[in-house]
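Following: one structure in structure tokens, then a few remarks.
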Amino acid sequence: MPKTQPKVVGIKWVSKHQLRKVLDARAQRVLGMSGEKFVESMNKGTLGAKALDGKAGTVELATLCFFTRERSASSKRGR
Amino acid sequence: MPPRSADADTNFALYFRESLSVITNAFLIASIEGDRRILLYDPPVRVTRKHGALPLYLSITQTYRVVAAQAGGTRAKSTGYTYGLYAQPDNQEPILEFHWHPESTPRLRWPHLHVIANSADGQLDRVHFPTARICVEDFIRLLIRDFDVETRVPHDKCKQILTKNKAAFVEKANWLFWENLI
């Protein structure tokens, strides 16, 4: 018999370092390449929309890239 | 690290988590970069189905920004999503994916659907079928209605939670018209 009120799913906040591991695992699973290699290709601009959206589960890697990048020293300083 | 203040972004995450909880109890991963947030299931999480059907696997990525609200305080503004369904774990055997990722692919800014299927004209996998903006509640309704995904609460309660959370989401949206798509 299902419950009348579900327990709300938990949330686990992770650091950039931990998220990089998620990125690496996904890149290995979906593209057979390391997360580092994927980030390098993104930074070089060699992955266009066709490549990013060309296979199921790939475009999420681009999103993860944004959340795992190191901010530059100037942006860390702020105003 | 979690955000310091309990405000719009935490509420957004709460609605999102509550909606997912009608079909799963799996923990969401969350991270933060400046005013941006990401919530995701990775690897995809298993959901059970009625009538002994094989389980399916849910891949979710939701991004949003926390921006100043006109009325003061802050509000969450969605910046993208991918809601995917797989027949096997570890992103194997995809079935369909709802996408909206305008920031990752500036030439492909519209919400769209990928259906992993064949046709007389060949594979449809990478065709971008245009859609309205989908929220996670629409996706969950599709899973329950058309893929027989089992709910963790009675159907009426489930419907009530999804309707309430979609209404809360749309109330803050900057587009005008909405109805449940499914």
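Quick mapping for you: the protein sequence lines, in order, are chains A and B.
At position 58 of the first sequence (counting the first as 1) the number is 269 in the numbering used here, and the numbers step up by one without a gap.
At position 2 of the second sequence (counting the first as 1) the number is 22 in the numbering used here, and the numbers step up by one without a gap.
Glycine included, C-beta positions come from ideal geometry on N, C-alpha and C.
> Taking the C-alpha atoms as reference points, what is the distance between T269/A and S79/B?
Replying inline: What you label residue 269/A is simply residue 58 of the first sequence in a count that begins at 1. What you label residue 79/B is simply residue 59 of the second sequence in a count that begins at 1. When rounded, the distance between both Cα atoms is 12 Å.
> Among P63/B, W120/B and G104/B, which residue has its Cα nearest to the Cα of Q239/A?
Replying inline: Position 28 of the first sequence, counted from the start, is the residue given in the question as residue 239/A. Among P63/B, W120/B and G104/B, the Cα nearest to that of Q239/A is on P63/B.
>> Please identify, using Cβ separations under 7 Å, the residues of the segment 172 to 190 of chain B that lie next to chain E, in order along the chain.
In response: Of the chains in the structure shown, none is chain E; the protein chains are A and B.
>> Beta-carbon within less than 6 Å of H119/B's beta-carbon, same chain only, minus the 5 sequence neighbours each way: which residues are those?
In response: Taking the first residue of the second sequence as position 1, residue 119/B is located at position 99. Around H119/B: T102 and H132.
> What separation, rounded to the nearest whole angstrom, lies between the Cα atoms of E38/B and K218/A?
Replying inline: For this step, residue 38/B is matched to residue 18 along the second sequence. For this step, residue 218/A is matched to residue 7 along the first sequence. Rounded to the nearest angstrom, the two C-alpha atoms are 8 Å apart.
>> Run through chain A and tell me which residues come within less than 8 Å of P114/B, C-beta to C-beta.
In response: As a working mapping, residue 114/B is identified with position 94 in the second sequence. Those are A267 and G268, listed as they occur along chain A.
> With distances taken from CA atoms, which of V65/B, R85/B and L34/B is nearest Y77/B?
Replying inline: By 1-based counting over the second sequence, the position of residue 77/B is 57. For Y77/B, the closest of V65/B, R85/B and L34/B by C-alpha to C-alpha distance is V65/B.
> When DSSP builds the beta bridges, which residues end up paired with F149/B?
Replying inline: Here residue 149/B is taken as the residue at index 129 of the second sequence, counted from 1. In the DSSP assignment, F149/B forms a beta bridge with L133/B.
> Can you name the residues of chain B whose CB is closer than 7 Å to the CB of L263/A?
Replying inline: Taking the first sequence and counting its residues from 1, the one referred to as residue 263/A is at position 52. Neighbours of L263/A on chain B, chain order: S124 and T125.
> In chain order, which continuous runs of the beta strand (DSSP E) of length 3 or greater are located wholly inside the segment 51 to 81 of chain B?
Replying inline: If one requires a minimum length of 3 residues, the beta strand (DSSP E) runs lying completely within the segment 51 to 81 of chain B are 56 to 67, in chain order.
> How many angstroms separate the CA atom of L258/A from the CA atom of G142/B?
Replying inline: Residue mapping note: residue 258/A aligns to position 47 of the first sequence, counting from 1. Residue mapping note: residue 142/B aligns to position 122 of the second sequence, counting from 1. So the alpha carbons of these two residues sit roughly 25 Å apart.
> For A96/B, which residues does DSSP report across the bridge?
Replying inline: Within the second sequence, residue 96/B is the residue found at index 76, counting from 1. DSSP output for A96/B lists V86/B as bridge partner(s).
> With burial defined as no fewer than 16 other Cβ atoms inside 10 Å of the residue's Cβ, what is the status of G254/A: buried or exposed?
Replying inline: Here residue 254/A refers to the residue found at position 43 when the first sequence is read from its first residue. It is Asn, not Gly, that sits at residue 254/A in the sequence shown. Exposed, by the Cβ-count rule.
>> Cutting at 6 Å between CB atoms, please list the residues of its own chain near F249/A, excluding the five before and the five after it.
In response: Here residue 249/A refers to the residue found at position 38 of the first sequence. Excluding its 5 nearest sequence neighbours in each direction, F249/A has C-beta neighbours in its own chain below 6 Å: A238 and L272, listed in chain order.
> Quick one: is E191/B buried, meaning 16 or more other Cβ sit within 10 Å of its Cβ, or exposed?
Replying inline: Working through the second sequence from its first residue, we reach residue 191/B at position 171. By the 10 Å Cβ count, E191/B comes out exposed.
>> In this structure, how does DSSP classify H175/B when only helix, strand and coil are distinguished?
In response: On the second sequence, residue 175/B is found 155 positions in, with the first residue counted as 1. Here H175/B sits in helix by DSSP.
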